[in-house]
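Protein chains: 2
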Amino acid sequence: MKIALAQINCHIGNFEGNVAQMQEAIRDAKSKNADIICFPELAVCGYPPRDFLEFDNFIKKSKEAVEELAKAAVGIAVVVGAPRRNPVIEGKDLYNAAFFLFDGAVQHIYDKTLLPTYDIFDEYRYFEPGSNFDVVHYKGYKIALTICEDIWNIGNENPLYTICPMDEMMVYQPDFMLNISASPFAYDHAEQRKKIVATNAERYNMPVFYCNHVGAQTELIFDGGSVVMSPGGKLYEELPYFEKGIWYYDLEEVKAGRAYRAAIVPKIERIHEALIVGIRDYFRKSGLKTAILGLSGGIDSAVVAVLVQRALGKENVRVLLMPSQFSTDHSIDDARQLSENLNIQYDIIEIEPIYQRYEKTLEPYFSGLPFNIAEENIQARARGMLLMAFSNKFGNILLNTSNKSEMAVGYGTLYGDLAGGLSVIADLYKTEVYDLAKYINKDGEVIPTNIITKPPSAELRHNQKDSDSLPDYDILDEILYLYINEQLGPKEIISKGFDGQLVNRILKMVNRNEFKRYQTAPVLRVSNKAFGMGRRMPIVGKYLG
Amino acid sequence: MKIALAQINCHIGNFEGNVAQMQEAIRDAKSKNADIICFPELAVCGYPPRDFLEFDNFIKKSKEAVEELAKAAVGIAVVVGAPRRNPVIEGKDLYNAAFFLFDGAVQHIYDKTLLPTYDIFDEYRYFEPGSNFDVVHYKGYKIALTICEDIWNIGNENPLYTICPMDEMMVYQPDFMLNISASPFAYDHAEQRKKIVATNAERYNMPVFYCNHVGAQTELIFDGGSVVMSPGGKLYEELPYFEKGIWYYDLEEVKAGRAYRAAIVPKIERIHEALIVGIRDYFRKSGLKTAILGLSGGIDSAVVAVLVQRALGKENVRVLLMPSQFSTDHSIDDARQLSENLNIQYDIIEIEPIYQRYEKTLEPYFSGLPFNIAEENIQARARGMLLMAFSNKFGNILLNTSNKSEMAVGYGTLYGDLAGGLSVIADLYKTEVYDLAKYINKDGEVIPTNIITKPPSAELRHNQKDSDSLPDYDILDEILYLYINEQLGPKEIISKGFDGQLVNRILKMVNRNEFKRYQTAPVLRVSNKAFGMGRRMPIVGKYLG
Chain W
74 MKIALAQINC HIGNFEGNVA QMQEAIRDAK SKNADIICFP ELAVCGYPPR
124 DFLEFDNFIK KSKEAVEELA KAAVGIAVVV GAPRRNPVIE GKDLYNAAFF
174 LFDGAVQHIY DKTLLPTYDI FDEYRYFEPG SNFDVVHYKG YKIALTICED
224 IWNIGNENPL YTICPMDEMM VYQPDFMLNI SASPFAYDHA EQRKKIVATN
274 AERYNMPVFY CNHVGAQTEL IFDGGSVVMS PGGKLYEELP YFEKGIWYYD
324 LEEVKAGRAY RAAIVPKIER IHEALIVGIR DYFRKSGLKT AILGLSGGID
374 SAVVAVLVQR ALGKENVRVL LMPSQFSTDH SIDDARQLSE NLNIQYDIIE
424 IEPIYQRYEK TLEPYFSGLP FNIAEENIQA RARGMLLMAF SNKFGNILLN
474 TSNKSEMAVG YGTLYGDLAG GLSVIADLYK TEVYDLAKYI NKDGEVIPTN
524 IITKPPSAEL RHNQKDSDSL PDYDILDEIL YLYINEQLGP KEIISKGFDG
574 QLVNRILKMV NRNEFKRYQT APVLRVSNKA FGMGRRMPIV GKYLG
Chain G
74 MKIALAQINC HIGNFEGNVA QMQEAIRDAK SKNADIICFP ELAVCGYPPR
124 DFLEFDNFIK KSKEAVEELA KAAVGIAVVV GAPRRNPVIE GKDLYNAAFF
174 LFDGAVQHIY DKTLLPTYDI FDEYRYFEPG SNFDVVHYKG YKIALTICED
224 IWNIGNENPL YTICPMDEMM VYQPDFMLNI SASPFAYDHA EQRKKIVATN
274 AERYNMPVFY CNHVGAQTEL IFDGGSVVMS PGGKLYEELP YFEKGIWYYD
324 LEEVKAGRAY RAAIVPKIER IHEALIVGIR DYFRKSGLKT AILGLSGGID
374 SAVVAVLVQR ALGKENVRVL LMPSQFSTDH SIDDARQLSE NLNIQYDIIE
424 IEPIYQRYEK TLEPYFSGLP FNIAEENIQA RARGMLLMAF SNKFGNILLN
474 TSNKSEMAVG YGTLYGDLAG GLSVIADLYK TEVYDLAKYI NKDGEVIPTN
524 IITKPPSAEL RHNQKDSDSL PDYDILDEIL YLYINEQLGP KEIISKGFDG
574 QLVNRILKMV NRNEFKRYQT APVLRVSNKA FGMGRRMPIV GKYLG
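Structural data, given as structure tokens:
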């Protein structure tokens, strides 16, 4: 029994493209005499299709796509994920299904039982949980088909569900398990994922073939990293990360197991790869080509510039350097040096004349009032406007360069530096941005060293430093991580040794700036808890605020 | 048996305020010798608390609030909604519970069984469905306690759930039902709600007391409109809409029934009330006081100005009139006249000098290229910047004045006219904005007639009219309604008699502008499907795109 895992890059709603990609993979698998080829969860429509699932027409197109694939399933079995109508009138209208196609027809359907509805997942919004646990009979083998979350309710201290689909299937004594998944990247997730697959292979003592998506869908980056596990829970192979392709396995060899060691890749290297894929797929899948961003001379825009240049190519990135009267000389020098290192087009546009024009216009209303956030924000917004003017004139998409620490505490200007179509590093705390900058420079200076070593500043007034109004990033980031990623409350955070007043001040800042984050671009997700679809907080709320 | 329904205005996470409000209501009810007082669903923490529910500290505070209320439940029973920990380790960690408090203690807990997870609702994200259907024994009566959605799985053609909690409770033969709810306003929802309560009172042949929230939480506006239904499904009383208070009922009188006719209120009047409540509570609950907006002389900003003046008072609204070289004289005259009618502060600021300053700055890059959307957007963004400068200097919150039609097709400028902290009329199609303007003028001219009668224009280039690039709003709005509110696909819409090319063009515009809506303010929800939390679409997707 030869099994193919096709780690493919689907595109939401692109039925034609997704089917064509799978048809090609099936041809390849047939040419290599595979018996089964597996595609990921909801591969025909892409994951997550979100409210498109509520359109009857979208479900019809999914059905047609499955029928199209069934035609190709001759001489080979095809396992593929797609939504399907719930034939029973009670309950949600859809199932999240795995189709087993063979001999030109649907031979078996398994409906996902455990529907993740937390963080970025909304599956119970659309799907009824499955309750049929038959196995597939194929060429003398019994196959347990499962979908993603179905295998995660195992060995947890605090299980989310009251049922475990594989326990139900075990009465039929399946020979091996196929799991089709849509498991997005977070820098600590691959290890958990491998552990869960191993736990299943161990508990049920059978080979497990786990097939994941690769590629990004707006904020979610699927990292691939599909795995093949031998009985007993020994890793047989880990597929490449962030790479699409088809890999072939002989069932008996997987059963026998082998010595295999997975590569150990540092967190920051994975993040670097993930962000590049995130940028690239956002552009490609949106039919866009070129990007623009503002280079301030600071570390955030520097890191984003490098990532974009690597994702789209130097000819597709353009940057603006927009000094004001508050900019220091080194900012321009550093930004220019970076542009030259990256070999990207840069222009220098002074914003002071625009700023002064606003001042003059506002003089009748503002005269006598002290310089404050209004004047600071005018500078940030003038830059945002210039970038958007270039974007509108030349079609370059503006990328946002905010980091997670400043997004958290509201240290950014709406419609100014918070502008942009995609937020590249807003799931990285400032300290992680430094780590990424150092990683980028590991083989030589790409980002000018001075950008990494100088104290961070927004340069919106004279001699401004981030540290004027924020604690050291080392401390700030730890508190933010505990609140945002670990979801600890103020008392629990303080009990870890942080100053009580500081913790309360920071948590309030986070809550009070929900209104800003509501209006910012989608954030490429690299951690277990990113701003955006996975973190849903009230705007008008008083808790901690 | 005297039953009090307390239709209160809670505030998310404001435990102290919510408890104080309920304690006061309990005192009132005791002074009137009520036997039971009911508060709405999740009243102690406000609805919807969203991801605050994932914070242990938030759940602890909810528990303490219930304990505080229990102390007041002496000589009277108190029914109140609050989250509670699921004592079983398997399943979600929380229940959405109704507490029956009496004699200073919790006497009974009912856990919500049907957890709405669609549109704006995310309850299965947090809660485990209940499965215990005991009734409450109190003063010789048996009471069926239910929570909101629990009573909605009845008489539907396509039921969402496979269980009906009241069917389960009927084995105990309850004497009457109390339902505590958090059912937000949509202009057609109150009728459905009354029908569902009536269907329950008829099917189970008992009095039903239905207690809803009133007041807004960011985008969701709770309209109150609690109802008391006599056995057989005859309306006994409909409580006021958009008004908080306590109403008292004698059980025997409700059992006996009476002739009662609910007031019939036109859709547009309800919308008018709802939006005023939405604005007022957004400001009050955020601790804000004053608003600012731009008056273009068009109908959208005119309607918003009226609503804000009515919500916050004339002294708390300030408007800017910001003509450009493309503005027509009547725009300024109309806007000035409106400001005078409303007796609000207005200032006129020419944006041409700023626009020209941008042109000059951009000249080296744009010279020789035709005037296009870049120049149009500079005007819109210059206005947005001036409004934000006032907002930042004086603390007035900028209100967004976009309507649903333009939000749908992307006819608006990001960081320009799409700016603002709250979107007031973005759940009203343009034709509905006209209806609202006419309603506002029903007793005399508030909005200058010319604003209502002239053809709509963005005035971003010479002689521009909306009709240059969009079909008539009558047709556009119908197509948008069918796609957005009814979720019909292109074929179904075309089959209703619309031009195929036009339908496809419009649906594509809606999908392709998802990225803009992602970055706009929360929208006050008045229909069954508003942009925002209730409509979750992919940005990078190809379906219809």
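Order-wise, the sequence lines are chains W and G. Every position in the first sequence, counted from 1, becomes a number in our numbering once 73 is added. Every position in the second sequence, counted from 1, becomes a number in our numbering once 73 is added. Every residue gets a Cβ at the ideal spot worked out from N, C-alpha and C, and that includes glycine.
Tell me, please, whether the CB atom of residue i is closer than 8 Å to any CB atom in chain G?
| i | result |
| --- | --- |
| Leu543 (chain W) | no |
| Ile417 (chain W) | no |
| Arg609 (chain W) | yes |
| Val613 (chain W) | yes |
| Thr474 (chain W) | no |
| Asn17 (chain W) | The structure shown has nothing for residue 17 (chain W), since chain W only spans 74 to 618. |
| Tyr484 (chain W) | no |
| Leu435 (chain W) | yes |
| Asn232 (chain W) | Per the sequence shown, residue 232 (chain W) should be read as Pro rather than Asn. With 8 Å as the cut-off, Pro232 (chain W) counts as an interface residue toward chain G. |
Provide the residue span of the alpha helix (DSSP H) that contains residue i, from first to last.
| i | result |
| --- | --- |
| Leu293 (chain G) | No alpha helix (DSSP H) holds Leu293 (chain G); the beta strand (DSSP E) holding it covers Leu293 to Asp296. |
| Gly288 (chain W) | Premise fails: Gly288 (chain W) lies in the beta strand (DSSP E), Val287 to Gln290, not in any alpha helix (DSSP H). |
| Leu460 (chain G) | Ile446 to Phe467 |
| Thr504 (chain W) | Lys503 to Ile513 |
| Asn130 (chain G) | Asp129 to Ala145 |
Which residue's Cα is closest to the Cα of residue i: the options?
| i | options | result |
| --- | --- | --- |
| Val92 (chain G) | G:Lys564, G:Asp508 and G:Ser135 | G:Ser135 |
| Val139 (chain G) | G:Lys105, G:Ala510, G:Gly177 and G:Val613 | G:Gly177 |
| Glu449 (chain W) | W:Ala492, W:Gly517 and W:Glu532 | W:Glu532 |
| Leu385 (chain W) | W:Ser400, W:Arg353, W:Gly228 and W:Pro437 | W:Arg353 |
| Glu163 (chain G) | G:Glu310, G:Gly570, G:Pro202 and G:Gly489 | G:Pro202 |
| Thr186 (chain G) | G:Phe173, G:Val377, G:Lys212 and G:Met239 | G:Met239 |
| Glu479 (chain W) | W:Leu460, W:Lys466, W:Tyr502 and W:Leu471 | W:Tyr502 |
| Asn169 (chain G) | G:Glu97, G:Ile253, G:Tyr234 and G:Phe463 | G:Ile253 |
| Tyr507 (chain G) | G:Ser374, G:Ala408 and G:Thr401 | G:Ser374 |
| Leu411 (chain W) | W:Glu222, W:Arg585 and W:Val519 | W:Val519 |
| Ile498 (chain G) | G:Leu460, G:Ser540 and G:Leu380 | G:Leu380 |
| Glu264 (chain W) | W:Tyr438, W:Gly288 and W:Asp296 | W:Asp296 |
| Lys215 (chain W) | W:Pro443, W:Phe206 and W:Asp223 | W:Phe206 |
| Asn541 (chain G) | G:Asp550, G:Leu553, G:Ile552 and G:Pro528 | Going by the sequence as given, residue 541 (chain G) is Asp instead of Asn. Here the closest residue by C-alpha is G:Pro528. |
| Leu617 (chain G) | W:Ala447, W:Lys307, W:Ala102 and W:Ser359 | W:Ser359 |
| Gly318 (chain W) | W:Val270, W:Glu325 and W:Gly298 | W:Gly298 |
Drop a sphere of 10 angstroms on the beta-carbon of residue i, count the other beta-carbons inside from all chains shown, and report buried for 16 or more, exposed for fewer.
| i | result |
| --- | --- |
| Gly154 (chain W) | buried |
| Ile337 (chain G) | exposed |
| Ser600 (chain W) | buried |
| Thr474 (chain G) | buried |
| Gln592 (chain W) | buried |
| Ser369 (chain G) | buried |
| Pro443 (chain G) | exposed |
| Glu311 (chain G) | buried |
Start and end of the beta strand (DSSP E) containing residue i?
| i | result |
| --- | --- |
| Pro238 (chain G) | Note, Pro238 (chain G): premise wrong, no beta strand (DSSP E); alpha helix (DSSP H) at Pro238 to Met242. |
| Met250 (chain G) | Phe249 to Ile253 |
| Phe175 (chain G) | Leu167 to Phe175 |
| Pro156 (chain W) | Ala150 to Arg158 |
| Met302 (chain W) | Val300 to Ser303 |
Using a Cβ-Cβ distance under 8 Å, would residue i count as near chain W?
| i | result |
| --- | --- |
| Tyr488 (chain G) | yes |
| Glu163 (chain G) | yes |
| Thr235 (chain G) | yes |
| Gln290 (chain G) | yes |
| Arg158 (chain G) | no |
For residue i, which residues in chain C fall below 7 Å Cβ to Cβ?
| i | result |
| --- | --- |
| Ser359 (chain W) | In the displayed structure, chain C is absent; the protein chains listed are W and G. |
Whole runs of the beta strand (DSSP E) within the region 314-381 of chain W, excluding any shorter than 3 residues: 318-323 and 364-367
Every unbroken alpha helix (DSSP H) within the region 525-581 of chain W, with a cutoff of 4 residues, ordered by chain: 546-553 and 563-567
Any beta strand (DSSP E) of 3 or more consecutive residues that is wholly inside the region 90-124 of chain G: 109-111
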